[in-house]
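Beneath this line is the structure, given in structure tokens, with notes to follow.
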Amino acid sequence: MLHHHLSGPADAPPLVLGPSLGTSTAVWAAALPELSRRFRVLRYDLPGHGGSPAGLLPSPEPGRTTVADLTDLVLDLADHHGWDRFHYAGISLGGAVGARLAAHRPERIASLALVCSSAHFGPPEPWHERAALVRTEGTAPLLTTAPGRWFASPDTTVTAGTPFARRLLADLAAADPTGYAACCDALAGYDLRSELHRITAPALVVGGSRDTATPPAHARELAAGIASSRLLLLDCGHLAAERPRELAAALLPHASVEPAARDRKRNPGSAGGAGRSTLR
């Protein structure tokens, strides 16, 4: 199974947290104290990241890995812990995993939070090029550009020196090239734009106002395509986890209301036609 950590009361509602490409469970560490008070939190590592071996991938050869493969690995974790239904929040690639889960296995997802994620991460060629680079040279060439994508601070040299950034950059440096490249392949082939309407779980879409990897337009596209969604923009770069208090404050009420109660609030006296609200 994917390497993972469990936190919070054993009898609390389960909440699965997905990481972004190049990071590990550490990306959620600062938000964990708040989230684990109310949830049984499971944080996992992507294949080739943190403690998860790249060998977990069914086909790690170039161009073979898909987001569906990663989704199956997450479902294996939930099944192992006996969770038929769980809340899910994911950053970037971790969000794509959650979106596909919600679209294809809606009975498993109680609520969904897509954080600095997208329905489509751009043309496949740049992802295949990055995958080829990493397979040849490892992740070292990515270390100088990652802070500029990940964090909102205009002075990335200062930001990269914070304990949070140092930990994440160390995870990127230590990532298995095979696993990292396979995750790039998954992003290259991912396009859920035509299936967003299949997502029926209450969805919170969090965008970063200074995110250059998935700019706010990506968050707006997700919110526009998911019927039961709310949009929240934070002052952050690609890793909204750099704003842990604001992120946890948004996730806690979103995942804490039972779906049936949400439906009653959105549509009093109605069985369908869920509306959309937007937070600014």
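In full-length UniProt numbering, the protein residues as written are 1 to 280. Built from N, CA and C at the ideal position, the CB exists for glycine as well. Here the structure is a predicted model, which means the values were calculated and not measured.
Measuring alpha carbon to alpha carbon, tell me which residue in 91, 41 and 7 is nearest residue 239. Taking the first residue of the sequence shown as position 1, residue 239 is located at position 239. Here the closest residue by C-alpha is 91.
Going by beta carbon distance, what residues of the same chain come within less than 8 Å of residue 54, once the five residues before and after it are set aside? On the sequence shown, position 54 is the one that residue 54 refers to. Only 47, 48, 60, 176, 178, 179 and 182 meet the Cβ criterion.
Could you give the DSSP three-state label for residue 122: helix, strand or coil? By one-based count along the sequence shown, residue 122 stands at place 122. Here residue 122 sits in coil by DSSP.
Where residue 110 falls: helix, strand or coil (DSSP): Taking the sequence shown and counting its residues from 1, one reaches residue 110 at position 110. Note: residue 110 maps to strand in three-state DSSP.
What is the residue span of the beta strand (DSSP E) that residue 42 lies within? Translated into the one-based positions of the sequence shown, residue 42 becomes position 42. Unbroken beta strand (DSSP E) run through residue 42: 40 to 44.
Where does the unbroken beta strand (DSSP E) through residue 7 begin, and where does it stop? Here residue 7 corresponds to residue number 7 of the sequence shown, with the count starting at 1. It spans 4 to 7 - the beta strand (DSSP E) in which residue 7 sits, taken as one unbroken run.
With DSSP as the reference, please indicate the residues paired to residue 89 in a beta bridge. The residue you call residue 89 lines up with position 89 of the sequence shown. Checking the DSSP bridge columns, you'll see residue 89 partnered with 17 and 113.
Please report the distance separating the alpha-carbon of residue 22 from that of residue 227. What you label residue 22 is simply residue 22 of the sequence shown in a count that begins at 1. What you label residue 227 is simply residue 227 of the sequence shown in a count that begins at 1. One alpha carbon belongs to residue 22, the other to residue 227, and they sit about 31 Å apart.
Assign residue 82 to buried or exposed, taking buried as 16 or more other Cβ atoms, counted over all protein chains shown, within 10 Å of its Cβ. The residue labelled residue 82 in the question sits at position 82 within the sequence shown. A residue is called buried when at least 16 other Cβ atoms come within 10 angstroms of its Cβ; residue 82 does not meet this threshold and is exposed.
Taking the alpha carbon of residue 96 as the reference point, which residue from 252, 187 and 254 has its own alpha carbon closest? Along the sequence shown, one-based indexing puts residue 96 at 96. Taking each of 252, 187 and 254 in turn and checking the Cα distance to residue 96, the smallest one comes out for 187.
Residue 190 versus residue 233: straight-line alpha-carbon distance, rounded: On the sequence shown, residue 190 is found 190 positions in, with the first residue counted as 1. On the sequence shown, residue 233 is found 233 positions in, with the first residue counted as 1. Computed Cα separation, rounded: 23 Å.
Cα-Cα, which of 16, 170 and 121 is closest to residue 109? Your numbering for residue 109 matches position 109 in the sequence shown. Residue 16 is the option with its Cα nearest to residue 109.
Using only alpha-carbon positions, find the residue among 142, 148, 185 and 192 that is nearest to residue 171. Residue numbering aside, residue 171 sits at position 171 when the sequence shown is read from its first letter. Ranking the options by Cα distance to residue 171, first place goes to 142.
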